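Chains as they are written, first to last, in our numbering: chain Z, 129 to 309; chain G, 9 to 162. Following: one structure in structure tokens, then a few remarks.
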């Protein structure tokens with residue numbers, strides 16, 4: 129007959145293996161819509177120098193779907209998400225734009241992040257965290273979707289994918305068409 | 009036995025002086041704080057929206073660092089404390105404001121200590137006056153009769 133201690137140890141080990149299996153096989157989190165007082169309003173001013181040495185003004189991006197992505201080089205979901213932003217940028221050279229903003233990170237780390245993972249879109253310098261507070265960002269990654277007319281459509285908390293954003297935009301356009309019809 | 013006119017006036021002066029002192033302390037505004045002091049006080053009374061019960065001064069969360077940085081900026085720009093609090097609660101919700109409001113039920117935090125001190129002083133003054141009055145018991149006719157009987161041995 130097995131001792132009770134051995135039975136308990138086997139049960140605990142089994143539970144741990146099951147937990148590891150679930151964690152190992154689950155799909156990564158995708159962005160979920162989060163509340164924000166900005167949704168439905170004109171996007172706050174996003175203007176200033178970029179880490180690339182130029183300047184950016186979000187008013188110049190009118191007519192395009194803009195993703196304002198807050199990220200950090202130390203944030204694992206941000207690293208996993210980045211190729212998806214690259215993909216979104218590749219799919220939408222004319223009607224879409226990604227704008228990145230470092231959050232809780234240094235400019236040097238942000239530069240190194242882009243050097244390593246790519247991406248040729250504007251990366252805003254936000255040393256005083258003015259943009260982070262204007263958008264009330266809590267933790268990276270967080271992404272705001274801005275419509276071509278400059279209205280904030282939604283806030284995505286967590287990792288997003290290019291397909292997710294495309295599907296979302298398609299749904300918004302369909303809804304708008306139905307509303308107009 | 010009643011207090012004499014001079015003593016009554018004395019007590020009135022003491023009570024009036026105390027009341028005026030409290031009123032002056034309550035009504036007087038704090039001396040103008042430096043920008044650093046104001047920023048420190050704002051950070052001390054702004055809660056981290058990501059943490060449990062920590063203010064942004066204590067918290068190491070990136071959002072707290074961002075809020076600290078913005079408080080410094082807004083104070084330097086000349087915004088008032090009230091404007092900064094309104095801005096932050098507009099962005100992160102009312103839960104980040106840890107300063108007791110000056111209106112409504114929570115305003116009792118400010119009012120109650122003053123009321124307690126004022127009531128306490130009035131009670132003390134009243135108690136002292138009764139105590140002093142109690143020590144000065146006058147002689148009654150009965151007392152005089154008793155003394156007279158004892159002196160005459162009857």
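Glycine residues also receive a C-beta, built at the ideal position from the N, C-alpha and C atoms. None of the values given here were measured: they were computed from a predicted structure.
Cβ pair residue i, residue j closer than 8 Å
i                      : j                      : result
residue 106 of chain G : residue 79 of chain G  : no
residue 229 of chain Z : residue 262 of chain Z : no
residue 179 of chain Z : residue 244 of chain Z : no
residue 71 of chain G  : residue 265 of chain Z : yes
residue 206 of chain Z : residue 269 of chain Z : yes
residue 224 of chain Z : residue 192 of chain Z : yes
residue 50 of chain G  : residue 104 of chain G : no
residue 283 of chain Z : residue 164 of chain Z : yes
Alpha carbon of residue i to alpha carbon of residue j, nearest angstrom
i                      : j                      : result
residue 155 of chain Z : residue 82 of chain G  : In this prediction, residue 155 of chain Z scores a pLDDT of 49, lower than 50, which makes its location untrustworthy; the coordinate-derived value is nonetheless stated afterwards. Roughly 42 Å between the two C-alpha positions.
residue 166 of chain Z : residue 160 of chain Z : 16 Å
residue 138 of chain G : residue 90 of chain G  : 48 Å
residue 190 of chain Z : residue 173 of chain Z : 13 Å
residue 43 of chain G  : residue 101 of chain G : 25 Å
residue 216 of chain Z : residue 41 of chain G  : 50 Å
residue 84 of chain G  : residue 77 of chain G  : 11 Å
residue 92 of chain G  : residue 280 of chain Z : 23 Å
residue 135 of chain Z : residue 61 of chain G  : 42 Å
residue 305 of chain Z : residue 298 of chain Z : 10 Å
residue 29 of chain G  : residue 198 of chain Z : 54 Å
residue 219 of chain Z : residue 194 of chain Z : 13 Å
Start-to-end residues for the alpha helix (DSSP H) that takes in residue i
i                      : result
residue 239 of chain Z : 235-245
residue 43 of chain G  : 43-52
residue 207 of chain Z : 204-219
residue 301 of chain Z : 290-308
Residue(s) in a DSSP beta bridge with residue i
i                      : result
residue 84 of chain G  : BP columns for residue 84 of chain G are empty, so no partner.
residue 284 of chain Z : Z:161, Z:271
residue 178 of chain Z : Z:252
Range covered by the beta strand (DSSP E) that runs through residue i
i                      : result
residue 271 of chain Z : 270-274
residue 196 of chain Z : 193-199
Buried/exposed call for residue i, threshold 16 Cβ in 10 Å
i                      : result
residue 134 of chain G : exposed
residue 68 of chain G  : exposed
residue 209 of chain Z : buried
residue 185 of chain Z : exposed
residue 201 of chain Z : buried
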